[in-house]
DNA sequence: CTCAAGACTTAATCTACTTTAAGCGCATTT
DNA sequence: AAATGCGCTTAAAGTAGATTAAGTCTTGAG
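Residue numbers (my numbering), protein chains in the order written: chain A, 1 to 192; chain B, 193 to 384.
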């Protein structure tokens, strides 16, 4: 399936787009093919696009003063991502976005997205629901981080994202769970 | 200021409401005065309302299997809150919402809110932005939880929410920071 | 094909935070 | 005024997970 067709299909989950809306979207979308380990947003730059993943997998992460990285989310086929804070405020991003696999993404620039919101209110609705779903996921993760051990969090991640596990190196998963790769390795060996 | 006027004023931050929209909102809003330590959403019940805080302070929290509680957010004057997951899915809530102080809230039922979204797209926009802001806050907190010590998190909380600090007991703050009240007490005594 | 860099493991030592327990001050209820 | 319970503190002992370091295996770029 073509990347753009896949994007339109994803909107079927919410409020499907009519022909006019599809055209309006198509005219504002840019497709990019990106090889693995490529940073498409760097801390300090302003985030200028919302990005839809058609193929591949990306991560968004922050880094502390010492440069240590902490994964905030993975985005695979069908997911949207952006540093929303930077996109809105047009201040320098605190976060990085980087491909983990060779990927095909569709991007829409802030001005074009705002334009869509203004002319076609359905996009406000659809993006509201997309952000709400991501909010629920994030809230769930914060609760898990407070209330469970690293082993439990690993098993919950396994259960919730069985496909991602096969595609991600353990070091990326450890960072997402808030632990070190060494400790994840220990946990996994003790499971057997 | 009357609670409803305060609510309308808060929307000025986003897209202000015209007279028709204000009336549509007024007709669907219910005001409630609630004394402190009252649960307005209990784990296992379905969340039926979005709640706006006009006066006072509430918390939303989860509990683990042993009944231990973990604060996910505080909502004071001007904030909205709901268990969005339960509100959308109409499944039993995982979370609790409870007043910390005597409070005045304005509530809108799901069906009425959906109705507003359908007839007045501006509400889709405004609630999208409200959720986005909460998402940014939550993402920031998850990053802090991974990358900083309890002391740093306490100081960041002080800096970011100086007014809340005066109103909340330490035990609530500890739960929000993901530590025990005992450890928060120790940290604070070592600061001097 | 080669080689350097990334990815996984194991193990010893270290520490941030928890758990448990006890005591005290303060506010709310009776 | 008494009683009850909540919030704060201190301290000892315990633990989940970090850090450091060394070594092996895998991978993709040239």
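Glycine included, C-beta positions come from ideal geometry on N, C-alpha and C.
None of the values given here were measured: they were computed from a predicted structure.
Would you tell me roughly how many angstroms separate the C-alpha atoms of residue 381(B) and residue 179(A), rounded to the nearest one?
28 Å
Are there 16 or more other CB atoms within 10 angstroms of the CB of residue 59(A), so buried, or fewer, so exposed?
buried
Whose C-beta lies closer than 8 Å to the C-beta of residue 145(A) among residues of the same chain, with five residues either side of it excluded?
153, 178
On the CB-based measure, 16 or more other CB atoms within 10 Å of its CB, does residue 185(A) come out buried or exposed?
exposed
Note down the Cα distance separating residue 18(A) from residue 87(A), rounded to an integer number of angstroms.
27 Å
Is the number of C-beta pairs between the region 124–131 of chain A and the region 318–330 of chain B that are closer than 8 Å three or more?
yes
Out of 76(A), 4(A), 62(A), which has the shortest C-alpha to C-alpha gap to residue 162(A)?
76(A)
If you follow the alpha helix (DSSP H) that residue 131(A) is in, where does it begin and where does it stop?
122–147
Is residue 152(A) helix, strand or coil by DSSP?
helix
Buried/exposed call for residue 21(A), threshold 16 Cβ in 10 Å:
buried
Rounded separation between residue 314(B) and residue 191(A) - CA only
52 Å
Relative to the C-alpha of residue 33(A), which residue among 151(A), 183(A), 124(A), 53(A) is closest?
53(A)
Grab me the residues of residue 113(A)'s own chain with a C-beta within less than 7 Å of its C-beta, minus the 5 sequence neighbours each way, in chain order.
50
Which residues of chain B have a Cβ atom closer than 8 Å to the Cβ of residue 135(A), listed in chain order?
276, 323, 326, 327, 330
So, helix, strand or coil for residue 293(B), using DSSP?
coil
I'd like to know whether the C-beta of residue 50(A) is nearer than 8 Å to at least one C-beta of chain B.
no
Using CA atoms only, rank isn't needed, just tell me which of 362(B), 356(B), 373(B) is closest to residue 271(B).
356(B)
If the cut-off is 8 Å on Cβ atoms, which residues from the region 237–262 of chain B count as contacting chain A, listed in chain order?
254, 256, 260, 262
Alpha-carbon to alpha-carbon, residue 108(A) and residue 260(B):
44 Å
Beta-carbon proximity check, residue 196(B) vs residue 232(B), cutoff 8 Å
no
Of all the alpha helix (DSSP H) runs that stay within the bounds of the region 37–107 of chain A, which reach a length of 4 or more residues?
84–89
Neighbourhood of residue 42(A) by C-beta distance below 8 Å, restricted to the same chain and skipping five residues each side
93, 96
Neighbourhood of residue 193(B) by C-beta distance below 6 Å, restricted to the same chain and skipping five residues each side
none
Grouping DSSP H, G and I as helix and E and B as strand, with all else coil, what is residue 173(A)?
helix
For residue 310(B), does the count of other Cβ atoms within 10 angstroms reach 16, so buried, or fall short, so exposed?
exposed
Per DSSP, cross-strand counterpart(s) of residue 179(A)
The partner list for residue 179(A) (beta bridge, DSSP) is empty, contrary to what the question assumes.
Name the two residues that bound the continuous alpha helix (DSSP H) containing residue 197(B).
195–203
When 137(A), 148(A), 47(A) are compared against residue 258(B), the one with the closest alpha-carbon
148(A)
Could you tell me which chain B residues have their CB closer than 8 Å to the CB of residue 124(A), listed as they occur along the chain?
313, 316, 317, 320
Starting from residue 29(A), follow its DSSP beta bridges and name the residues at the other end.
108(A)
So residue 72(A) and residue 334(B) are supposed to be a Cβ contact under 8 Å. How far apart are they, rounded?
7 Å
Just the C-alpha distance for residue 365(B) and residue 166(A), rounded to the nearest angstrom, thanks.
39 Å
Ignore the nearest five residues each way along the sequence and tell me which others in residue 282(B)'s own chain have a CB closer than 7 Å to its CB.
238
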